[in-house]
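Residue numbers (our numbering): 59 to 322. No residue lacks a Cβ here, since even glycine has one placed at the ideal position from N, Cα and C.
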Ligand code: 2AM
Ligand code: CA
């Protein structure tokens, strides 16, 4: 078991503090399901409140760092080389429907590189963390991606484009190309957790298009530090929220090939 650094401890403390608020609000959402108005406004307030807590904790411990926030956008810091990239509630649709699968995602970027990442799943009390070159962990257990090499054995996670977003037809083409070759496909609704579950060897691959940097910045580092690959559809080893193709080192290239075939 490796001791987490001071930086990761700060990021994890922030996540746990914000999670306490999200947990209370999740309980309330479960009650609001039956109300006429529904929980939508309440959830958007919960989201913002969690973000405020995260910023408050991180600002106090790392004054001057900038932020890229899902709810409030970019906030410039006095230190131009550091920024936290934060999704206070990844899996909002799940949260809104009282489906207990969502997370808090915090990444730290230094000079344009993601150097630390924390993803916390408050419902399962699972804290995923990684620092560059120092490995990935789930709570205190070192993570490694699965060793499944055959697509026929692989469980692949994905995200389906939601209402109002482009790419529905393309998604179906890709799904149609992939499903006959793999054991199963899953769509659970939190990109940050999809990546962490891949890092933990639960999934063997993952792809999604048209998401945002805050959905994947921390999770992508966690996958890489667990020995997995994260890239785009050209085979470049990059974190491009327009197209994320990830997997263990055997599955990722095969998934990439199928996605490119689907679009050929
Ligand atoms: P969110 O819950 O923070 O919005 C699921 O496919 C992924 O897409 C989630 O990580 C989700 O993050 C993201 N996403 C982005 N915009 C979304 C939207 N309008 N509705 C649902 N999911 C969205
Ligand atoms: Ca998100």
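Cut-off 8 angstroms between Cβ atoms - residues of its own chain near residue i, not counting five sequence neighbours on either side
| i | result |
| --- | --- |
| residue 24 | Beyond the ends of the chain as shown, which are 59 and 322, falls residue 24; an answer cannot be given. |
| residue 286 | 203, 256, 257, 304, 305, 306, 307 and 310 |
| residue 124 | 132, 133, 134, 135, 137, 138, 140, 141 and 142 |
| residue 223 | 268 |
| residue 234 | 320 |
| residue 171 | 190 |
| residue 295 | 287, 288 and 289 |
Cross-strand partners of residue i (DSSP beta bridge)
| i | result |
| --- | --- |
| residue 185 | 178 |
| residue 140 | 168 |
| residue 161 | 148 |
| residue 195 | 187 and 200 |
| residue 214 | 243 and 263 |
| residue 132 | 126 |
Contact belief for residue i with residue j at Cβ below 8 angstroms, rounded distance in angstroms
| i | j | result |
| --- | --- | --- |
| residue 68 | residue 119 | 5 angstroms |
| residue 60 | residue 195 | 7 angstroms |
| residue 201 | residue 315 | Going by Cβ atoms, the distance from residue 201 to residue 315 rounds to 26 angstroms, so no, they are not a contact pair. |
| residue 115 | residue 71 | 6 angstroms |
| residue 189 | residue 102 | That pair is no contact at about 32 angstroms. |
| residue 65 | residue 174 | 6 angstroms |
| residue 291 | residue 317 | 6 angstroms |
| residue 248 | residue 85 | Contact doesn't hold; Cβ gap of about 19 angstroms is too wide. |
| residue 146 | residue 128 | 6 angstroms |
| residue 98 | residue 154 | 6 angstroms |
Neighbourhood of residue i by C-beta distance below 7 angstroms, restricted to the same chain and skipping five residues each side
| i | result |
| --- | --- |
| residue 226 | 219 |
| residue 143 | 126, 165, 167, 271, 272 and 275 |
| residue 241 | 210, 211, 212 and 213 |
| residue 254 | 177, 186, 277 and 280 |
| residue 293 | 314 |
| residue 121 | none |
| residue 282 | 288 |
| residue 259 | 202, 203 and 204 |
| residue 76 | 108, 111, 112, 146 and 162 |
Contacting residues, own chain, Cβ-Cβ under 6 angstroms from residue i (five flanking each side not counted)
| i | result |
| --- | --- |
| residue 244 | 215 |
| residue 17 | With the chain represented from 59 up to 322, any question about residue 17 goes unanswered, as that position is not in the structure. |
| residue 88 | 156 |
| residue 181 | 158 |
| residue 231 | 320 |
| residue 197 | 185 |
| residue 236 | 316 |
**Q.** Contact the segment 137–148 vs the segment 159–173: 3+ CB pairs below 8 angstroms
**A.** With the cut-off at 8 angstroms, the segment 137–148 and the segment 159–173 touch.
Q: Counting only runs of 3+ residues fully inside the segment 234–307, write out the beta strand (DSSP E) ranges in chain order.
A: You should have 242–244, 263–267, 287–289 and 301–305.
Q | Sequence ranges, alpha helix (DSSP H) only - wholly within the segment 77–108, length at least 4 | A | Whole alpha helix (DSSP H) segments, 4+ residues: zero.
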